[in-house]
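Plus 23 on top of the position in the sequence shown (first one is 1) and you've got the working numbering. Here's the structure, in structure tokens; my notes come after.
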Amino acid sequence: MNNQRIVVTGGAGFIGSHLCEALVEQGNEVVVIDTLLRGNKIPKHIFKEVEFHQVDVTDEESVAKISKGADMIFHFAAILGVDIVADNPIETMEIEVNGMQSVAHAATVNQIDKIVYASTSGVYGHLALEKSVDEDILVDPCTSYAMAKRYNEIYLASLHDEKGIQSSAIRFFNVYGLRQDNRMVIPRFFEQAMINDPITVYGSGDQTRDFTNVKDAVKATILLSEKVHGMEIFNVANERESTIGELADVIKSMTNSTSEIHHIDAPKKRYDYEVGRRYGSSAKLERFTGYKPNTNLQDGLVAIHDSLRN
Ligand code: UDP
Numbered sequence: 024m025n026n027q028r029i030v031v032t033g034g035a036g037f038i039g040s041h042l043c044e045a046l047v048e049q050g051n052e053v054v055v056i057d058t059l060l061r062g063n064k065i066p067k068h069i070f071k072e073v074e075f076h077q078v079d080v081t082d083e084e085s086v087a088k089i090s091k092g093a094d095m096i097f098h099f100a101a102i103l104g105v106d107i108v109a110d111n112p113i114e115t116m117e118i119e120v121n122g123m124q125s126v127a128h129a130a131t132v133n134q135i136d137k138i139v140y141a142s143t144s145g146v147y148g149h150l151a152l153e154k155s156v157d158e159d160i161l162v163d164p165c166t167s168y169a170m171a172k173r174y175n176e177i178y179l180a181s182l183h184d185e186k187g188i189q190s191s192a193i194r195f196f197n198v199y200g201l202r203q204d205n206r207m208v209i210p211r212f213f214e215q216a217m218i219n220d221p222i223t224v225y226g227s228g229d230q231t232r233d234f235t236n237v238k239d240a241v242k243a244t245i246l247l248s249e250k251v252h253g254m255e256i257f258n259v260a261n262e263r264e265s266t267i268g269e270l271a272d273v274i275k276s277m278t279n280s281t282s283e284i285h286h287i288d289a290p291k292k293r294y295d296y297e298v299g300r301r302y303g304s305s306a307k308l309e310r311f312t313g314y315k316p317n318t319n320l321q322d323g324l325v326a327i328h329d330s331l332r333n
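Laid out in structure tokens, this is it:
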């Protein structure tokens, strides 16, 4: 994809910033909408190339004005991180629902007929207990965050039926990589290990996640954006399960850390969010794009370690 005018909401965030970087490098005109409440993760040399608006995605009028003339909107703005979301369930849902409403309005008034939306593998809730999940199974969102994301997927389907706006909703599975902050487990374990503080594994550490490298997640996102047709939902998963206990061991040994590994109870507010297993199938993504994430977790962790050391 090149020479497109593309709006990215949440473009200064973790996945958003990697997405902007890739879109700029492909020769697109990138317009970022972000509050900067969590800082700006866009590398300086890329930031110079984007048109930046410090605007809240729920500000319907501004978002519509900024989006004029765009070919596509990537809607990646969200409140994120279990602890923050659990502390602010209403605000989380308001930003999801009103943010999507605002993006839909901008698309409608500006005749933009393509939206790519960052949904979440959280919509599956506890369903991965038996097998890796694909998009066809009934979802079971059990948090306000996941419910709001699911609501938006359904809203996008109705936008397609009623207004012909085409979209892809992407259910990301535990995306990790450079510039992620320690709200998420991988940067948190690195931070703890590198200062030889205890590494805090919640519970037994037998819970699993399917860690997807951000570079792969962005590649999948861009490939999907080139194929937006109708309204479709896609998993973007690495299709490999790792236990959190193993993750702690790997990060400890990679960093030559003297940290102890502490098994502690997860904070109470996390209880609704904690699922014993989460791993997904990217078969549908591969069917549509010929691609699926393939960075092995060990290589992804080495890249993070290298960047943290320098
Ligand atoms: N986790 C942990 N210790 C921490 C932070 C997280 O053991 O200090 C575990 C958490 O219980 C979960 C996994 O790491 O099973 C991933 O947590 P994260 O918040 O990164 O993402 P989630 O999958 O919960 O959305």
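C-beta atoms are modelled at their ideal positions from N, C-alpha and C, and glycine is treated no differently. Since we're looking at a predicted model, the values are computed, not measured.
Next on the checklist: Which of the three DSSP states is assigned to T278 in this structure?
Outcome noted: Stepping through the sequence shown from its first residue, residue 278 is reached at position 255. The answer is coil: DSSP assigns T278 none of H, G, I, E or B.
Next on the checklist: Assuming V54 is part of the beta strand (DSSP E), what are its boundary residues?
Outcome noted: Walking along the sequence shown from the start, residue 54 turns up at place 31. Looking at the DSSP string, the run of the beta strand (DSSP E) that includes V54 is E52 to I56.
Checklist entry - Per DSSP, H285 is paired with what? => result Taking the sequence shown and counting its residues from 1, the one referred to as residue 285 is at position 262. Per DSSP, the beta-bridge partners of H285 are T223.
Next on the checklist: If I follow the unbroken beta strand (DSSP E) through S142, where does it start and stop?
Outcome noted: On the sequence shown, residue 142 is found 119 positions in, with the first residue counted as 1. Note, S142: beta strand (DSSP E), K137 to T143.
Next on the checklist: Given the structure, does A169 come close to the ligand UDP, in the sense that its CB is under 7 Å from one of the ligand's heavy atoms?
Outcome noted: For the purposes of this step, residue 169 is identified with residue 146 of the sequence shown, where counting begins at 1. No, since every heavy atom of the ligand UDP falls outside the 7 Å radius drawn around the Cβ of A169.
Checklist entry - From this set, I65, I284 and H128, which residue's C-alpha is nearest I96's C-alpha? => result Indexing the sequence shown from 1 puts residue 96 at position 73. Comparing Cα-Cα distances from I96 to each of I65, I284 and H128, the minimum goes to H128.
Checklist entry - In the structure shown, what three-state DSSP assignment does M217 receive? => result By one-based count along the sequence shown, residue 217 stands at place 194. M217: helix per DSSP, three-state reduction.
Item to check | Proximity of V259 and I193 at Cβ, strictly below 8 Å | outcome: Position 236 of the sequence shown, counting from 1, holds the residue named residue 259. Position 170 of the sequence shown, counting from 1, holds the residue named residue 193. Taking 8 Å as the Cβ cut-off, V259 and I193 qualify as a contacting pair.
Checklist entry - Quick one: Cα of Q203 to Cα of D159, how far? => result Residue 203 sits at position 180 when you count from the first residue of the sequence shown. Residue 159 sits at position 136 when you count from the first residue of the sequence shown. Spanning the alpha carbons of Q203 and D159 requires a straight line of approximately 30 Å.
Checklist entry - So, is V334 buried or exposed, given that buried needs 16 or more other C-beta atoms within 10 angstroms? => result Since the first residue shown for the chain is 24 and the last is 333, residue 334 is missing from the structure and cannot be characterised.
Next on the checklist: Here's the rule I'm using: 16 or more other beta-carbon atoms within 10 Å means buried, otherwise exposed. How should G50 be labelled?
Outcome noted: The count along the sequence shown starts at 1 and reaches residue 50 at position 27. By the 10 Å Cβ count, G50 comes out exposed.
Checklist entry - So does M217 have its beta carbon nearer than 7 Å to some heavy atom of the ligand UDP? => result Residue mapping note: residue 217 aligns to position 194 of the sequence shown, counting from 1. No, Cβ of M217 sits at least 7 Å from all heavy atoms of the ligand UDP.
Checklist entry - How would you label I181, buried or exposed, when you count the other beta carbons within 10 angstroms and need 16 or more for buried? => result Here residue 181 corresponds to residue number 158 of the sequence shown, with the count starting at 1. Here residue 181 turns out to be Ser, not Ile, going by the sequence shown. Answer is exposed; the Cβ neighbour count stays below 16.
Checklist entry - How many angstroms separate the CA atom of S330 from the CA atom of L60? => result Walking along the sequence shown from the start, residue 330 turns up at place 307. Walking along the sequence shown from the start, residue 60 turns up at place 37. In a straight line, the C-alpha of S330 is about 24 Å away from that of L60.
Checklist entry - Just to check, is the beta-carbon of Q321 closer than 7 Å to a non-hydrogen atom of the ligand ADP? => result The ligand ADP is not part of the structure shown, which contains the ligand UDP as its ligands.
Checklist entry - Does DSSP put R300 in a helix, in a strand, or in coil? => result Counting from 1 along the sequence shown, the entry for residue 300 is found at position 277. When DSSP states are grouped into helix, strand and coil, R300 belongs to the coil group.
Item to check | Neighbourhood of R232 by C-beta, 6 Å cutoff - its chain only, sequence neighbours within 5 removed | outcome: Along the sequence shown, read from residue 1 onward, the residue named residue 232 stands at position 209. Closer than 6 Å at the Cβ level, and outside the excluded window around R232, lie N197 and R301.
Checklist entry - Taking C-alpha atoms, which residue in I245, F213, D136 and R206 lies nearest to I102? => result The residue given as residue 102 occupies position 79 in the sequence shown. The shortest Cα separation from I102 among I245, F213, D136 and R206 belongs to R206.
Checklist entry - Taking DSSP as the reference, what is the three-state secondary structure of F70? => result Translated into positions along the sequence shown, residue 70 becomes position 47. Helix, per DSSP.
Checklist entry - Between which two residues does the beta strand (DSSP E) carrying A192 extend? => result Residue mapping note: residue 192 aligns to position 169 of the sequence shown, counting from 1. Note, A192: beta strand (DSSP E), Q189 to F195.
Checklist entry - Quick one: does the C-beta of R263 sit closer than 7 Å to a heavy atom of the ligand UDP? => result Counted from its first residue, the sequence shown places residue 263 at position 240. Outside the cutoff, so no.
Checklist entry - So who's on the other strand from R28, going by DSSP bridges? => result For this step, residue 28 is matched to residue 5 along the sequence shown. BP columns for R28 point to E52.
Checklist entry - When DSSP labels each residue in this structure, what does V237 get in the three-state scheme? => result Taking the sequence shown and counting its residues from 1, the one referred to as residue 237 is at position 214. Helix, per DSSP.
Checklist entry - First and last residue of the alpha helix (DSSP H) that includes I349? => result No answer is possible for residue 349: the residues shown for the chain start at 24 and end at 333.
Item to check | Paired residues, beta bridge with V255 - DSSP | outcome: Translated into the one-based positions of the sequence shown, residue 255 becomes position 232. It is worth fixing the name first, because residue 255 is Glu in this sequence and not Val. Answer by DSSP bridge pairing, in chain order: S191.
Next on the checklist: Measuring straight from C-alpha to C-alpha, what distance separates E214 and N333?
Outcome noted: As a working note, residue 214 is residue 191 in the sequence shown. As a working note, residue 333 is residue 310 in the sequence shown. Straight through space, the alpha carbons of N333 and E214 are spaced by roughly 14 Å.
Checklist entry - What's the C-alpha gap between K291 and S40? => result Start at 1 with the first residue of the sequence shown, and residue 291 comes out as number 268. Start at 1 with the first residue of the sequence shown, and residue 40 comes out as number 17. If I take the Cα positions, the gap works out to 31 Å.
Checklist entry - Where does R61 sit, in a helix, a strand or coil, going by DSSP? => result Locating residue 61 in the sequence shown gives position 38, where the first residue counts as 1. In the structure shown, R61 sits in coil (DSSP, three-state: anything other than H, G, I, E or B).
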